[in-house]
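In our numbering, the protein residues as written are 774 to 920.
Virtual Cβ for every residue (Gly too), placed ideally from N, Cα, C.
Right, here's the structure in full:
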């Protein structure tokens with residue numbers, strides 16, 4: 774990746790990209806970006822004066838993605854209250870909430886969990902994106918996530 778160039782990131786699916794704190798590209802995924810930014814404005818409001826919406830989103834997501842100590846920012850929430858699309862951690866296992874299921878994440882896809890996580894869990898998807906999911910934004914999920 775060169776300076777002043779696009780970030781070349783590839784993820785299993787959109788739910789994984791969102792968990793990493795990334796938004797759809799405003800150029801190569803324009804329709805998805807427009808949908809995302811529509812939810813963003815509805816939930817988080819307009820950008821700061823003089824700042825493009827994409828830069829405002831990136832700034833907020835970065836603050837909810839990586840702490841000053843370079844560690845991933847997470848938060849605690851009840852597993853049963855998380856909206857579809859959210860990824861949380863159970864020990865070392867990343868788990869996707871999807872269509873009333875909890876699915877174990879891997880680099881090659883998802884598989885149904887033998888038991889569901891309940892109570893307080895560590896949420897990996899940044900809070901501002903979880904808030905979009907709560908309002909109806911639905912990420913694309915790898916085909917193995919189909920129930």
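Check: Taking three-plus beta-carbon pairs below 8 Å as touching, is the stretch 875-895 in contact with the stretch 828-835?; Outcome: no
Check: Would you list the one or two residues that DSSP bridges to residue 834?; Outcome: Answer by DSSP bridge pairing: none, since residue 834 is not bridged.
Check: Please list, in chain order, all residues of the same chain as residue 913 whose beta carbon is under 7 Å from its beta carbon, the five residues on each side excluded.; Outcome: 786, 787
Check: Return the Cβ separation of residue 905 and residue 846 in integer angstroms, given the expectation that the two are a contact with Cβ distance under 8 Å.; Outcome: About 17 Å; that fails the 8 Å criterion.
Check: Give me the Cα-Cα distance between residue 793 and residue 889, rounded to the nearest whole angstrom.; Outcome: 22 Å
Check: Who are the Cβ neighbours of residue 798 in its own chain at under 7 Å, not counting the five residues just before and after it?; Outcome: 806
Check: Could you round the C-beta distance between residue 869 and residue 876 to whole angstroms and report it? I think they count as a contact, below 8 Å.; Outcome: 5 Å
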